[in-house]
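Heads up, the thing below is written out as structure tokens.
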Amino acid sequence: MIGLEILKNRIKDAPQSSGVYLFKNKKDNPIYIGKAINIKRRLSNYGNLPKLPRRLQKMVSQTVNIDFELTESERNALLLEALLIKKFSPRYNIRLKDDKSFPLIKITKGDFPRLTRFRNEFSNEDKVFGPFTSALKTDKVIKILQKSFKLRSCSDLEFKNRKRACLLYDLKQCSAPCVNKVSQNEYKNQVDDTVKFFQGGQKKIFDKLEKQMVYFSESQNYEKAAELRDSIQSLNFIIREEVKISTQDTNYDYIHIDDKKYFSIYIGFIRYGRYLGGNLIYYSEKFEDDIDLTSLIIQFYLKNFRPNKIIISKKINGYNELKSIMRDNYKIDVFLKSSKINGVQKISKLTAKRNDKEVNLQKQKFINNQEILTLMEKRFNINNKIERVEAYDNSFFGNNYAVASYVVFNKEGFSIKDSRTYKFKDYDLKKFGDADLMRKVFKSRFSKDDKILPDLIIIDGGQPYLKICEEIIEESGISESIKLIGVSKGFKRDFRFDRYHTLSEKNLSLRDSPQIEGFIQKMRDQAHKLSKKNSMKRMSDSLKTSFLDDISGIGKIKKMRVINFFGSVQNLKKANRDELVQIKGLNSKNIKAILDKING
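Residues in the sequence shown are numbered from 252 upward in steps of one, following the numbering used here.
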């Protein structure tokens, strides 16, 4: 039994109590998770297929089982649903637009605390500031703070093992507590100034720095005075980037919900009275029946740094349950927007404005992305609507460290979270070849039934690669139509001479369709970039922990040449003198040391 038949059968056994239900596919993986006060009554709603969105109609058709998790209350069901959605990321659930965590800055505990960026893990004794909306901005803030207050950024291990000051000391970006260039009391003052600056005491810090600058200038220590002047200018940059909302004791997240022309959720971060930025976490052209605002908000805070207080712009369904869950489970107080809350009018207008701007950007991106997908459909005579494109590429370092990657493009643009990388241990390109690796990749990609299938695949290679892919798709029993396009590099790798292939046509030119050609090349380049990056990482990791590590006279370059020549430690352990002599840079002493280690 499958689909509607299974649903009708499970409704008979469904409990009439609160809990969570999980629709599962034939691999026993959840494809949709929901909650209900009365599970039996809720499940019966899915039986009326014509009234369901296409997304849920497809979900029901793929269902082979429905499991139930009972809870004591609707509140517990809401929390359990959010936790399970976060854990399994079911294909047909409405999820956050972007579930990444945001970067924060922390000052660690200890005699000589460290200033560093992080995302999730921290000690309760650390001083934490943020969140910030981009890693780039966070790094810039850290660099300015290091230049101004000279806190260390090195790891605890580096700090303990330092024998002399590092380059940051020479660049005047660290006071070098590792080699006692600063006393513990002086360093504590540096830490206190950094914390005060974060907590809104900028005026006191500026007054202090200006007095020091004047003192050093009058003492004719112009170098030190110029250093303080630069610090003041840099710190002013941070302040200009932030918007003052209220007094410095104001700390909360403001959740703006818009359900008039479209449906969106925008969260703004207010810390110490300043707006640090915000993010559009959900956007849809229409309000779908099964959308659950409370669940989306809980999912957001399951992964991200949690404030002590959340303000919501309007009352939502499940507000009381949300308030209870946040207070009891995460020690977060939830309030509705009120004029009595400090800065709420200003942040309300600001987040509404930022929300509209982000939504307009999303709309334009959807239009542009949909336009290119429509052009692809027409140019290659694709009858089905293209919703997902995948581009594949292989990468090696020398003949080893085999990595294959695919990147995903949909109506929202490039999807980093959907892109994948496959690593193949001890794969020898000289022995097996690039085509065999591509075969392995496609077998891995299409081996599971529950995977979301692409409508179009772009492969860095000619027709032979397309035929390999077609063969694997047929072997996997996939009935859906998937269009295949191959790309052959042009003369001297000049993109102007690239040639394109389908299963029925060879050496197509797309010079008359620059938008399409540019899109395909960008897909190919993104896949190449991802696979190359991971291949280099594999090579780098192998150099960090190698069979050759403790052999005197074998440095990083020689180690890389030896590993690249043999391809794996297993092959290296079978090496003989004649093979080692062929490796550039190895002298007789190196060869003897390697053979002694092998014969150990």
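Ideal placement from N, C-alpha and C gives every residue a C-beta, glycine not left out.
In this text the structure is predicted, and so the values were computed from the model without any measurement.
Which whole-angstrom value is the C-beta distance of Ser-782 and Ser-656, which I expect to be below 8 Å? Between Ser-656 and Ser-782 the Cβ distance is about 4 Å, and since that is below 8 Å, they are a contact.
Once the 5 residues before and after Phe-748 are set aside, which same chain residues still bring their CB inside 7 Å of it? Gly-741 and Phe-742
Residue range of the unbroken alpha helix (DSSP H) whose run includes Thr-672: Where Thr-672 is concerned, there is no enclosing alpha helix (DSSP H), although the beta strand (DSSP E) it sits in stretches over 664-674.
For Asp-829, report the span of its alpha helix (DSSP H) as first-last. Counting along the chain, the unbroken alpha helix (DSSP H) around Asp-829 starts and ends at 828-832.
What separation, rounded to the nearest whole angstrom, lies between the Cα atoms of Met-787 and Lys-694? 24 Å
Reduced DSSP secondary structure (H/G/I, E/B, other) of Phe-449: helix
What number of angstroms, rounded off, separates the C-alpha of Asp-540 from the C-alpha of Ile-562? 25 Å
As assigned by DSSP and simplified to three states, the class of Leu-303: In the structure shown, Leu-303 sits in coil (DSSP, three-state: anything other than H, G, I, E or B).
At the level of alpha carbons, what is the spacing between Lys-309 and Val-692? 27 Å
Give the C-beta separation of Ala-686 and Ile-719 to the nearest angstrom, bearing in mind that I take them to be a contact with Cβ-Cβ under 8 Å. 6 Å
Near Lys-388, what residues of its chain come up, given a Cβ to Cβ distance below 6 Å and the 5 sequence neighbours on each side ignored? none
Could you pull out every residue in the same chain whose Cβ sits closer than 6 Å to the Cβ of Glu-536, ignoring the five residues on either side in sequence? Tyr-513
The alpha helix (DSSP H) enclosing Pro-281, as first and last residue numbers: Segment 281-287 is the beta strand (DSSP E) holding Pro-281; no alpha helix (DSSP H) there.
Pick from Arg-639, Arg-671 and Ser-803 that is closest to Gly-664, judged by C-alpha positions: Arg-639
So what's Glu-641 in DSSP terms, helix, strand or just coil? strand
For the candidate residues Tyr-570, Ala-477 and Asn-606, whose alpha-carbon lies nearest to that of Asp-509? Asn-606
Three-state secondary structure assigned by DSSP to Ala-333: helix
Can at least three beta-carbon pairs, one atom from the region 482-496 and one from the region 382-396, be found at a separation below 8 Å? yes
Just verifying my parser: in three-state terms, what is the DSSP assignment at Tyr-552? helix
Could you compute how far the alpha carbon of His-752 sits from the alpha carbon of Lys-662? 24 Å
For Leu-735 and Ile-703, believed in contact at Cβ under 8 Å, the rounded distance: Between Leu-735 and Ile-703 the Cβ distance is about 17 Å, and since that is not below 8 Å, they are no contact.
Return the CA-CA distance between Glu-731 and Glu-323, expressed in angstroms with no decimal places. 43 Å
Where Lys-840 falls: helix, strand or coil (DSSP): Collapsing the DSSP output to three states places Lys-840 in a helix.
On the three-state DSSP scale, how would you describe Thr-796? Residue placement at Thr-796 is flagged as unreliable, the pLDDT there being 49, under the threshold of 50; the coordinate-derived value follows with that caveat. Three-state DSSP puts Thr-796 in coil, outside helix and strand.
In this structure, does DSSP put Ser-385 in helix, strand or coil? coil
Please state whether DSSP places Arg-346 in a helix, a strand or coil. coil
Looking at Leu-799: is its Cβ nearer than 8 Å to the Cβ of Ile-808? no
Check the DSSP bridge columns for Thr-367 and list the partner residues they point to. Note: Thr-367 is bridge-paired with Lys-357 in the DSSP secondary-structure output.
According to DSSP, Tyr-526 sits in a beta bridge with which residue or residues? Val-494 and Ile-521
Cβ-Cβ separation, Leu-688 to Ala-653 (assumed contact under 8 Å), whole Å: Contact flag correct, Cβ pair sits at about 6 Å.
Can you check whether the CB of Leu-347 is closer than 8 Å to the CB of Leu-381? Note on identity: in this sequence residue 381 is Gly, with Leu being the wrong assignment. Cβ atoms of Gly-381 and Leu-347: not closer than 8 Å.
Any chance you could list the beta strand (DSSP E) runs of at least 3 consecutive residues sitting entirely within the region 741-765, in chain order? 750-752
Asp-504 bridges to which residues according to DSSP? Phe-520 and Ile-561
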